[in-house]
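Participant:
In the numbering used here, the protein residues as written are 2 to 371.
#1: Can you tell me whether DSSP reads residue 249 as helix, strand or coil?
#2: So is residue 338 buried or exposed if we call it buried at 16+ other beta carbons inside 10 Å?
#3: Examine the Cβ distances between the segment 57–64 and the segment 73–83 and report whether three or more of them are shorter than 8 Å.
#4: On the DSSP bridge list, what partners appear for residue 14?
#5: Taking residue 249 as the reference, which of 222, 169, 303, 23 has the closest Cα?
#6: Decide if residue 140 is buried, meaning its Cβ has at least 16 other Cβ atoms within 10 Å, or exposed.
#7: Looking only at DSSP bridge pairs, what is residue 169 linked to?
#8: To the nearest angstrom, how far is it from the Cα of residue 272 to the Cα of residue 305?
#9: Could you tell me the alpha carbon to alpha carbon distance between residue 13 and residue 104, rounded to whole angstroms?
#10: Do you know whose CA, among 347, 342, 86, 320, lies nearest residue 166's CA?
#11: Say whether the segment 223–236 touches the segment 257–268, bearing in mind that this needs 3 or more beta-carbon pairs closer than 8 Å, one atom from each stretch.
#12: What is the DSSP secondary structure of residue 271, counted as helix, strand or coil?
#13: So residue 291 and residue 268 are supposed to be a Cβ contact under 8 Å. How far apart are they, rounded?
#14: Do residue 251 and residue 228 have their beta-carbon atoms positioned less than 9 Å apart in this structure?
#15: For the pair the segment 47–62 and the segment 328–338, tell me if three or more CB-CB distances fall below 8 Å.
#16: For residue 313 versus residue 203, is the C-beta distance shorter than 9 Å?
#17: Skipping 5 residues on each side, what residues in its chain have a beta carbon closer than 6 Å to that of residue 280?
#18: What did DSSP end up calling residue 123 once you bin it into helix, strand or coil?
#19: Quick one: any contact between the segment 182–198 and the segment 29–48, if contact means 3 or more CB pairs under 8 Å?
#20: According to DSSP, is residue 77 helix, strand or coil?
#21: Taking 9 Å as the cut-off, decide whether the C-beta atoms of residue 211 and residue 20 are in contact.
#22: I'd like to confirm the pairing. Which residues does DSSP put opposite residue 116 in its beta bridges?
#23: By alpha-carbon positions, which one of 16, 350, 102, 158 ends up nearest to residue 238?
#24: Give the C-beta separation of residue 16 and residue 215 to the nearest angstrom, bearing in mind that I take them to be a contact with Cβ-Cβ under 8 Å.
#25: When we look at the beta-carbon of residue 102 and count the other beta-carbons within 10 Å, is it buried (16 or more) or exposed?
#26: Thinking C-alpha only, which one of 323, 69, 162, 223 is nearest residue 187?
#27: Taking its Cβ as the centre, do 16 or more other Cβ atoms sit within 10 Å of residue 309, making it buried, or is it exposed?
#28: Give the DSSP-derived three-state secondary structure of residue 178 in the structure shown.
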């Protein structure tokens, strides 16, 4: 296998699926391009998803999801979407493609490599069927833990700021915020700040609306601004990194952004978009990282206010939570760790494997699993 392997991504994102898949795979793709690897992305999503991918990895080849064919797939193919993947993985196995799946435990033992890179995938967390092999064994099937967090250069290049110098509250529930948490939770946070009997370090209230957040007439943005919030929308990665680094506390959607906050040593309070993340959020809190506010679909206003007030009044928690999260991501070199492993996996692929690429059968119709 050549030293610079080809790498395909099958990714879904946008208003319907959120932007977490797009952002993290785009970050990994950009790191691969910097190594000289050839990268193609097959996207399912809307205009926002395409724009976010191009912002993350501008020099990759981008194609429609429907253009992908298993028999023409790259030797290394990454799946990062919310759908079941069994048939896709089997089709690639027949064609001797090495499959990599991001953050889907259902793929463990089926994909060549399953990567669980989130902050809540700490070493002692649920160890289902990953085998007894150590992480550094070339035959291992799972890479698990925030040391594999996918941090882009925009975050890694942003200077750290001492926590005591920060005076902003950051509210950012995600690229899509499908349950419209932002307009519901912002007044609760503001109420706590306004009614605090003791001085708080917060002088700026900042909300960031994601690029897929539905507010076509800017009504929600205008209402937030009228209530005293600084409102920004669809920030580029470097601007988002600066906002994270400036925040004393962040209220965020549970997902990829938590590793980015960890890098900036910003303590978080989280809201889960999916029911299956509730246990993870609670477990993370039990381990001293972050606090869980509740499920996006069923937020309890009193719980939100009580938990936020407690975090605001506890500088020791703010400091230790941020320090533990930073330690967990182990230097922020997750992309390098993953690509080093993929380079080893690529050596398993026979030299006689047919070349990948749509150039072999362009315009062909039929099943992508063919």
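Beta carbons are placed, not taken as given, at the ideal position from N, Cα and C, and that holds for glycine.
Facilitator: A quick look at the data gives this:
#1: strand
#2: buried
#3: no
#4: 46
#5: 169
#6: exposed
#7: 205, 248
#8: 10 Å
#9: 13 Å
#10: 320
#11: no
#12: strand
#13: 7 Å
#14: no
#15: no
#16: yes
#17: none
#18: coil
#19: no
#20: strand
#21: yes
#22: 103, 144
#23: 158
#24: 7 Å
#25: buried
#26: 223
#27: buried
#28: coil
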